[in-house]
Structure formats: structure tokens, C-alpha cells
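Sequential numbering from 4 applies to the sequence shown in our numbering. The C-beta atom is built at its ideal place from N, Cα and C for all residues, glycine as well.
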Amino acid sequence: MLEIIVAVLLSGSSAVIGAISLLQRAETQGKEDGHYGLVRGNTKTIAAILGGAAGLGVGVLFVYFYFKAAPASGWIEWVGRGSYALIIAAFSGHLFSLIHIWMRLLDEHEDLRDGDAKAQKPTLTVRRRSELKSLQEAGYEATELRSRDDEVIEELIGVVGDRLIAGQRSLSRLPFYGYLGTVCGILLMADELTNLSEATESFKVLRDMAGGLVLAFQTTLAALLAYLPLRKGFDAMMSKVAQVERAWIAMRDGNAAG
């Protein structure tokens, strides 16, 4: 009974911590978006759900390893097991960023598709149209207009593009969390080999070595399974950003031709 109570408390506390952590990130991104007049939408709800789920997963893993799994042979094995928590936490953070960017780009593509045909929610495209109109009304020469408009496009596209680039850069660290477990697993195997002697039971040594081997491969697999879909998602969003940028440039060129 005591184990159940402790397990529930640990899992619940971990879920709350995870939700709060992602909510803080959502708050920071919301302030940055607010500078450009963008609405927050459901980002806080999404952050709370993803953070809570990730925290719950970490808590359940800890409960499993502490109460159900075979006892750890030392601190090295606990460090290896901890790589699962790092993978889950990193995955949830990157997934939130990816979903947030995807929602922004959906609004941009919807605005580009509908144009001024109907009232639009605040988007970067709306601001881009406003900035372009102001530049055109200022009476700049074609070369000066293009130069100033390029600066506007660079600033606005950076709201999403810079986050994507930063996300891709930090995402590259995720596989190393799996490699941490791999190194710990190999160390466990090496430790068992150093204890090998003629009097040692071969079966016991092989069994203990297998535990380290499983830890090594499972953590690497978990990291790669988390990394590859996210990487694909970030690459897809980069192509979406490029489409928006081309559409914004076409606005200027179309108006100049008209």
C-alpha cells in the first residue's frame, strides 16, 4: 500500500513539474509573439498537456526502476537509466516548439490563401502587408524600396525561422542522451568482464553483461526514435517557411509590376 501511495505522489509531482516547465516556455514564446501582435491561441493548453505527459512518463519510469525492475548495480546504471528521462524531457520540449511553429505557419498559409477576402486573425502576413503598404506610400525609389522591404521580410521571417534554426541546433543534442545510456551500458559490461575469473560462474557473468548490453541498445534506440520524427518535422517546417518567404516577396514584385 505504501509503495502505491509513493508511486502516485512521485508520478503526480513529476507531471506537475513537467507541465510548469513547458508552461514557462510557452509564456516566454507568447511574450515574443506579442511583440508582433500575434495571439497566443492554445499554446498554454498544449504546453500543459505535453509537459504533464512527459513529467508523468518520467515519474512512472522512476517508479518502475525503483520498485519493479532489477536493483541497479551502482550509480553508473542509474545514470544510464536517467538517460530515458533526458530523452523524454527533450522530446516533449522539441515537440512543443514544433507544434507551436506549425500552428503559426498554418495561420500564415491560411492568410496567404484567403488574402483580404475576409477578416484575418493577427498574423505576420498581415503585418507584412501593412509594412509594405507603408513603404510604398513613403515614395521610395525601386532600389531603396526593395532594400528596406528585404529588411522587413528578414525580421518577420526570423520570428519563425530563427526558432526553427535554434530548434534544429538543439535537437542535434538529443541522440547524445541515448549515447549516455550506451556508454553506461558498455561500462557495466566492462565491469563484469573485470570480475571474470576461473571460479566465476559463466552463466551469471553473461546474464549481468546482457543487462548492460540491453541498456546500451535500448537507450540508443529510444533516442533515435525520438530524434528522427522530430528532425523530419523541423525539415518540413523549414520548407513551409521558405514558401511563406517566397509569397511575401511575390507581394512586392506583383505590386511593382502592377
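Same chain only: Cβ atoms within 6 Å of residue i, ignoring 5 sequence neighbours per side
{"i": "T223", "result": "G181, T185"}
{"i": "A88", "result": "V61"}
{"i": "Q171", "result": "F237"}
Nearest-angstrom Cα separation, counted from residue j out to residue i
{"i": "L98", "j": "Y143", "result": "43 Å"}
{"i": "V162", "j": "G236", "result": "18 Å"}
{"i": "G164", "j": "S76", "result": "46 Å"}
{"i": "Q32", "j": "S14", "result": "27 Å"}
{"i": "G83", "j": "V11", "result": "24 Å"}
{"i": "K71", "j": "G85", "result": "16 Å"}
{"i": "G40", "j": "H112", "result": "17 Å"}
{"i": "V42", "j": "G188", "result": "47 Å"}
{"i": "T46", "j": "I104", "result": "10 Å"}
{"i": "T48", "j": "R131", "result": "28 Å"}
{"i": "I90", "j": "M241", "result": "23 Å"}
{"i": "L216", "j": "E195", "result": "11 Å"}
{"i": "L101", "j": "L233", "result": "8 Å"}
{"i": "F179", "j": "A213", "result": "22 Å"}
{"i": "V66", "j": "S17", "result": "11 Å"}
{"i": "P125", "j": "E6", "result": "51 Å"}
{"i": "P74", "j": "A245", "result": "51 Å"}
{"i": "D36", "j": "W81", "result": "40 Å"}
{"i": "G118", "j": "I156", "result": "18 Å"}
{"i": "S173", "j": "I8", "result": "37 Å"}
{"i": "E154", "j": "K243", "result": "20 Å"}
{"i": "S95", "j": "F68", "result": "21 Å"}
Integer-rounded CB distance, given that residue j should sit under 8 Å from residue i
{"i": "I79", "j": "L190", "result": "5 Å"}
{"i": "R255", "j": "D152", "result": "5 Å"}
{"i": "I160", "j": "V247", "result": "7 Å"}
{"i": "L177", "j": "A229", "result": "6 Å"}
{"i": "L26", "j": "G58", "result": "Not really, about 11 Å apart at Cβ, beyond 8 Å."}
Close beta carbons around residue i, own chain, < 8 Å, minus the five adjacent residues each side
{"i": "E30", "result": "K47"}
{"i": "L115", "result": "T128, V247, A250"}
Close-in-space but distant-in-sequence residues of the same chain around residue i (CB under 7 Å, 5 per side omitted)
{"i": "L138", "result": "L148, R151, D152"}
Sequence ranges, beta strand (DSSP E) only - wholly within the segment 132 to 192, length at least 3: The beta strand (DSSP E) runs of length 3 or more contained entirely in the segment 132 to 192 do not exist; there are none.
Secondary structure, alpha helix (DSSP H): runs of 4+ residues fully inside the segment 12 to 76: Along the segment 12 to 76, the alpha helix (DSSP H) occurs as fully enclosed runs of 4 or more residues at 46 to 66, listed in sequence order.
In chain order, each alpha helix (DSSP H) run of at least 4 residues that lies wholly inside the segment 89 to 127: Within the segment 89 to 127, no complete alpha helix (DSSP H) run reaches 4 residues.
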